[in-house]
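Protein chains: 2
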Amino acid sequence: MINPIGNLNKIFDSRIRLGVMSILMVNEEVSFNDLKQMLELTDGNLASHLSTLEENGFLKVHKGFVGRKTNTTYSITKAGEKAFKGHLAALENMIRSMD
Amino acid sequence: MINPIGNLNKIFDSRIRLGVMSILMVNEEVSFNDLKQMLELTDGNLASHLSTLEENGFLKVHKGFVGRKTNTTYSITKAGEKAFKGHLAALENMIRSMD
DNA sequence: ATATGTAACTTTGATTCACAAAGTACTTTA
DNA sequence: TAAAGTACTTTGTGAATCAAAGTTACATAT
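First to last, the sequence lines map onto chains A and B. According to our numbering, the first sequence holds residues 261 to 359 in order. According to our numbering, the second sequence holds residues 261 to 359 in order.
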């Protein structure tokens, strides 16, 4: 591929999805509310980006409890990790291999 | 800023504008047609992204000739370089400073 | 002189995306 | 019982993306 942007993953063009993935790369499991606060998003906005990532098989959802309150957490899948690493590699490649 | 995506530049959410900038970071001057071929874009699509970058003061345009044919070239501005470097730093920060 | 070609756009129109705000269902705490 | 929290979904609006076609201006070939 000569085209320097051809290997970038379209899913990660979104800064929010990029942010979610980068958080999940270094944190095994993160709750909906923590993501919401870290990224300063409304519920609806976060939920829609999370479902895009889930539909693409990049993360998985765990519905549980903290004490008696519902608590949904998210973690990255193998496929998500692979795709995200691939995207970062493409970014690095684009930036450095141009000379 | 705690929010890991808060320092990303919105202009560079677009893969195409990211590609243009990364090309112009390492090539002093690049023609419209070269950009078009490198990024595999239609005229209109490239032109619109270029004008967004220009409106933001990130690149400048030189209208010249090659022999007798018109030849428009683009180069990065100081502001563009600064913004792009800032964006890359924010990306790196986001990816690495999360633990 | 006419037609064809090339460069660099602009315009148009359709589709998709992003986002806030409001609504929903369920539970919990005061 | 009322208020608040969790995790959504729905709705509506505006913005962004893109291909395709049209445009302007010059160049070259016939």
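Even glycine gets a Cβ: it sits at the ideal position worked out from N, Cα and C.
C-beta atoms of L348 (chain A) and I276 (chain B) nearer than 8 angstroms: Annotated as distal: L348 (chain A) and I276 (chain B), with beta-carbon spacing of 8 angstroms or more.
Host alpha helix (DSSP H) of I283 (chain A) (start-end): Looking at the DSSP string, the run of the alpha helix (DSSP H) that includes I283 (chain A) is R275 to V286.
G346 (chain A) to L268 (chain B) span [Cα, whole Å]: Annotation: G346 (chain A) to L268 (chain B) spans about 20 angstroms, alpha carbon to alpha carbon.
Integer-rounded CB distance, given that V290 (chain B) should sit under 8 angstroms from T332 (chain B): Between T332 (chain B) and V290 (chain B) the beta-carbon gap is near 10 angstroms, outside 8 angstroms, which marks them as no contact.
Contact with chain B by N293 (chain A), beta-carbon distance below 8 angstroms: Chain B, which has no Cβ nearer than 8 angstroms to the Cβ of N293 (chain A), makes this no.
contact_flag[the segment 271-286 of chain B, the segment 312-327 of chain B] where n(CB pairs < 8 angstroms) is 3 or more: A contact exists between the segment 271-286 of chain B and the segment 312-327 of chain B.
Start-to-end residues for the beta strand (DSSP E) that takes in T333 (chain A): Run containing T333 (chain A): K329 to I336, per the beta strand (DSSP E) assignment.
Within chain A, the residues that D273 (chain B) reaches when beta carbons sit closer than 8 angstroms: Those are D273, S274 and R275, listed as they occur along chain A.
Cα-Cα separation between L280 (chain B) and V321 (chain B), rounded to whole angstroms: Here residue 280 (chain B) turns out to be Val, not Leu, going by the sequence shown. Whole-angstrom Cα-Cα distance: 13 angstroms.
Residue span of the alpha helix (DSSP H) that contains G304 (chain A), given as start and end: Note, G304 (chain A): alpha helix (DSSP H), D303 to E315.
Within-8 angstroms CB hit, G340 (chain A) to chain B: Contacts with chain B at 8 angstroms (Cβ-Cβ) do not include G340 (chain A).
Rounded straight-line distance, which links the Cα of R328 (chain B) to that of I283 (chain A): The alpha-carbon atoms of I283 (chain A) and R328 (chain B) are separated by roughly 54 angstroms.
C-beta atoms of L319 (chain B) and G340 (chain B) nearer than 8 angstroms: Result yes, Cβ atoms of L319 (chain B) and G340 (chain B) sit closer than 8 angstroms.
Assumed close pair Q300 (chain A), N263 (chain B) - CB separation to whole angstroms, cut-off 8 angstroms: Note on identity: in this sequence residue 300 (chain A) is Glu, with Gln being the wrong assignment. Contact flag correct, Cβ pair sits at about 5 angstroms.
Residues near M285 (chain A) by beta carbon distance below 8 angstroms, same chain, minus five either side: Shown here for M285 (chain A): same chain residues with a beta carbon closer than 8 angstroms to its own, the five before and five after excluded, namely I336, E341 and F344 in chain order.
Residues that DSSP places opposite L319 (chain B) in a beta bridge: Partner residues in the beta bridge of L319 (chain B), as assigned by DSSP, are B:I336.
Option nearest K296 (chain A) by Cα separation, candidates A:L351, A:A307 and A:N287: Just measuring C-alpha positions, the residue of A:L351, A:A307 and A:N287 sitting nearest K296 (chain A) is A:A307.
Alpha carbon of T330 (chain B) to alpha carbon of K323 (chain B), nearest angstrom: Distance between T330 (chain B) and K323 (chain B), taken at the CA atoms: about 7 angstroms.
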